[in-house]
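>
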Amino acid sequence: MLQPEYEAMPRAELQALQDERLEALVRRVYQAVGFYRKQLDSAGVGADPIRGSKELARLPFTMKSDLRDNYPFGMLATDRDRLARVHASSGTTGTPVVAAYTRSDLDVFAEVMARGLAAAGGRAGSILHNAYGYGLFTGGLGFHAGAERLGMTVLPMSTGATDRQVKFIMDLRPVGLACTPSYALTLAQEIQRRGVAPDDISLEFALVGAEPWTETMRAEIERLLGARCLNVYGLSEIIGPGVAFECAEGRQGSHINEDHFLPEIVDPESGESLPEGSEGVLVITTLTKQALPLLRYWTGDVASLTSEPCACGRTFVRMSPVRGRTDDMLIVRGVNLYPTQIEEALGKVPELTPSFEIVLSRDGVLDVLTLHVEVSEDFYRMIGQRALSDEVIESHERLRELKARAIRVLRDSVGLHAEVVFLAPGEAPRSEGGKLSRVKDLREVR
Ligand SMILES: [Zn+2]
0 MLQPEYEAMP RAELQALQDE RLEALVRRVY QAVGFYRKQL DSAGVGADPI
50 RGSKELARLP FTMKSDLRDN YPFGMLATDR DRLARVHASS GTTGTPVVAA
100 YTRSDLDVFA EVMARGLAAA GGRAGSILHN AYGYGLFTGG LGFHAGAERL
150 GMTVLPMSTG ATDRQVKFIM DLRPVGLACT PSYALTLAQE IQRRGVAPDD
200 ISLEFALVGA EPWTETMRAE IERLLGARCL NVYGLSEIIG PGVAFECAEG
250 RQGSHINEDH FLPEIVDPES GESLPEGSEG VLVITTLTKQ ALPLLRYWTG
300 DVASLTSEPC ACGRTFVRMS PVRGRTDDML IVRGVNLYPT QIEEALGKVP
350 ELTPSFEIVL SRDGVLDVLT LHVEVSEDFY RMIGQRALSD EVIESHERLR
400 ELKARAIRVL RDSVGLHAEV VFLAPGEAPR SEGGKLSRVK DLREVR
């Protein structure tokens, strides 16, 4: 544990620290941010600070649209010239969201990332192969600073050029890999394709995040790389990666860095706070951020919290794996569906892999869900590497049985009938390092 004085702080003490920081935060944003002064006035809180986290529900939520409406610097709580760095979201769905940091914010960012890397098995002197994108995206530089803080040797690969990535993993013998889960799978499959056994790969851990993923993906990455695969959670609005991280001992949810980020789970419809263990939208208040502090930020991620003791000894609450951001949710024939539910279901069919694409189309007024999924390398060899056309599947008993079983498992798991199309290894869309979209929705195109 990098900082047991915080990471394993007794909960009563931690709560007192959170309360003190929260009260100071409310006072500060009321003074410094016009947006919040208005919000707090209309919520009836005003300049009178709230008393600790038990009064958190009196504070207004902050939505992503608030950040967009105040683009680029309208919500700063410091002078513009005190900013040390600015990151931004890709802005593919509208105005980009700007994340701004003072020098001390960057210190916190490095610290929480270093905690996560240490929890995964990173240590001074060992190599981190960092295949997160460098640039405006917070992943690359966030991991970079965290690894340096821990005293690791950083290889700043960034994304893409998969051949070269594999070469460096084989030649430089890194202990850790950092990238999106979909890219970890791409790298693992490429290494497998070259016939390298997991025992011959130096990696001890992969620390992955920035997209929702499941135990199915974890099992496949761990099997191919022979390394433990752990989650890191974050979002640029809050700080970037490092809001929460999984520990090697527990592997049951990610510890939230609660001395910096105060989490709640709320009902997505009513906004009411929900008790521990309930699933709802994760809402985070930044307790220590200087440049862009946020009150009750609505992450849109669906998760639950637990404060059950963890095997690692950390006292920070753990958040469940994120099933998906509320805007990733698909509605198919009236049923809510997250792509991660498909990924999870595929874990029950050993002949199939987590490399897939969901295609949604329409037949008359009816939605049609078609799953294009790669069969495993072993299974593909076993059936003689034949083309996976409908005729072949119909005439081949094992393939016919596999298809019927896949359809059954999907229906039982997600409550929907899916058409299933088999792909040979390597045929599904691959991550090139960034976030991978695994949904093609053709329904709007009439
Ligand atoms: Zn733990």
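Just so we're aligned, residue 0 is where the sequence shown starts under numbering that gives the first Met the number 0, counting upward by one. Positions of the beta carbon are idealized from the N, C-alpha and C atoms, including for glycine. Note that the structure is predicted; figures quoted are calculated from it, not measured.
Can you tell me whether DSSP reads Gly208 as helix, strand or coil?
Numbered from its first residue, the sequence shown carries residue 208 at position 209. In the structure shown, Gly208 sits in a strand (DSSP, three-state: E or B).
> In whole angstroms, what separates the C-alpha of Thr213 from that of Ile341?
As a first step, residue 213 must be located in the sequence shown, where it is residue number 214. As a first step, residue 341 must be located in the sequence shown, where it is residue number 342. Their Cα atoms are separated by approximately 10 Å.
> Quick one: residues in its chain with C-beta nearer than 7 Å to the C-beta of Arg445, no 5 flanking neighbours on either side, listed in chain order?
Within the sequence shown, the letter at position 446 stands for residue 445. Reliability of the predicted coordinates at Arg445 is poor, the pLDDT of 46 falling under 50, and the value obtained from them is presented with this limitation in mind. Nothing listed; no residue qualifies.
> Does Ala427 come out as helix, strand or coil in the three-state DSSP assignment?
As a working note, residue 427 is residue 428 in the sequence shown. Correct three-state label for Ala427: coil.
> Per DSSP, what are the beta-bridge partners of Val301 in this structure?
Locating residue 301 in the sequence shown gives position 302, where the first residue counts as 1. Per DSSP, Val280.
> Which residue comes first and which comes last in the beta strand (DSSP E) that contains Leu131?
Position 132 of the sequence shown, counted from the start, is the residue given in the question as residue 131. One point to set straight first is that residue 131 is Tyr, not Leu, in the sequence displayed. Tyr131 -> no beta strand (DSSP E), and no H or E assigned at all.
> Taking the continuous beta strand (DSSP E) assigned at Gly141, which residues delimit it?
Counted from its first residue, the sequence shown places residue 141 at position 142. First-last for Gly141: Thr137 to Leu149, but that is the alpha helix (DSSP H), not the beta strand (DSSP E).
> Would you mind listing the beta strand (DSSP E) stretches within the stretch 22-61 that are 3+ residues and don't spill past its ends, in chain order?
Fully enclosed beta strand (DSSP E) runs of 3 or longer: not present.
> Quick check on Glu396: buried or exposed, where buried means 16 or more other Cβ atoms within 10 Å of its Cβ?
On the sequence shown, position 397 is the one that residue 396 refers to. Glu396 comes out exposed.
> Smallest Cα separation from Val147: which of Trp297, Ile126 and Met216?
Reading the sequence shown from its first residue, position 148 is the one you call residue 147. The amino acid at residue 147 is misidentified as Val; the sequence shows Glu. Per the Cα distances, Ile126.
> Quick one, which of Glu356, Thr339, Leu202 and Ile238 has its alpha-carbon nearest Val96's?
Counted from its first residue, the sequence shown places residue 96 at position 97. With distances taken between Cα atoms, Val96 lies closest to Ile238.
> So what's Glu350 in DSSP terms, helix, strand or just coil?
Against the sequence shown, residue 350 aligns to sequence position 351. Note: Glu350 maps to coil in three-state DSSP.
> What do you get for Met381, buried or exposed, if any count of 16 or more other CB atoms within 10 angstroms of its CB means buried?
For the purposes of this step, residue 381 is taken as the residue at position 382 of the sequence shown. Exposed, by the Cβ-count rule.
> Could you spell out the range, first to last residue, of the alpha helix (DSSP H) harbouring Ser103?
On the sequence shown, position 104 is the one that residue 103 refers to. From DSSP, the alpha helix (DSSP H) with Ser103 extends over Arg102 to Ala119.
> Which term fits Pro3, buried or exposed, when burial requires 16 or more other beta carbons within 10 angstroms of its beta carbon?
The residue labelled residue 3 in the question sits at position 4 within the sequence shown. Answer is exposed; the Cβ neighbour count stays below 16.
> Within the structure, which residues are defined as neighbours of ligand 1 by a Cβ-heavy atom distance below 5 Å, reported in chain order?
Taken from the N-terminal end onward, the list reads Cys246, Gly249, Cys309, Cys311 and Arg313.
> Beta-carbon separation of Gly252 and Ile264 under 8 Å?
For the purposes of this step, residue 252 is taken as the residue at position 253 of the sequence shown. For the purposes of this step, residue 264 is taken as the residue at position 265 of the sequence shown. It is not a contact, given that the beta carbons lie outside the stated cut-off.
> Taking the runs of the alpha helix (DSSP H) that are 4 residues or longer, which of them lie wholly in the stretch 214-253?
Counting only runs of 4 or more, we get 214-224.
> Determine, using beta carbons only, whether Ala177 and Asn230 come nearer to each other than 8 Å.
Counting from one through the sequence shown, the residue named residue 177 turns up at place 178. Counting from one through the sequence shown, the residue named residue 230 turns up at place 231. Not a contact, by the Cβ cut-off of 8 Å.
> Examine the Cβ distances between the stretch 73-83 and the stretch 30-46 and report whether three or more of them are shorter than 8 Å.
Touching, per the Cβ criterion.
> Looking at Arg322 and Pro173, is the spacing between their C-beta atoms short of 8 Å?
For the purposes of this step, residue 173 is taken as residue 174 along the sequence shown, with counting starting at 1. For the purposes of this step, residue 322 is taken as residue 323 along the sequence shown, with counting starting at 1. In this structure, Arg322 does not lie closer than 8 Å to Pro173 by Cβ.
> Within its chain, find whatever has a CB closer than 7 Å to the CB of Glu271; leave out the 5 residues flanking it on each side and keep chain order.
Taking the first residue of the sequence shown as 1, we reach residue 271 at position 272. Closer than 7 Å at the Cβ level, and outside the excluded window around Glu271, lie Val265.
> For Met62 versus Trp297, is the C-beta distance shorter than 8 Å?
Here the question's residue 62 lines up with position 63 in the sequence shown. Here the question's residue 297 lines up with position 298 in the sequence shown. Taking 8 Å as the Cβ cut-off, Met62 and Trp297 qualify as a contacting pair.
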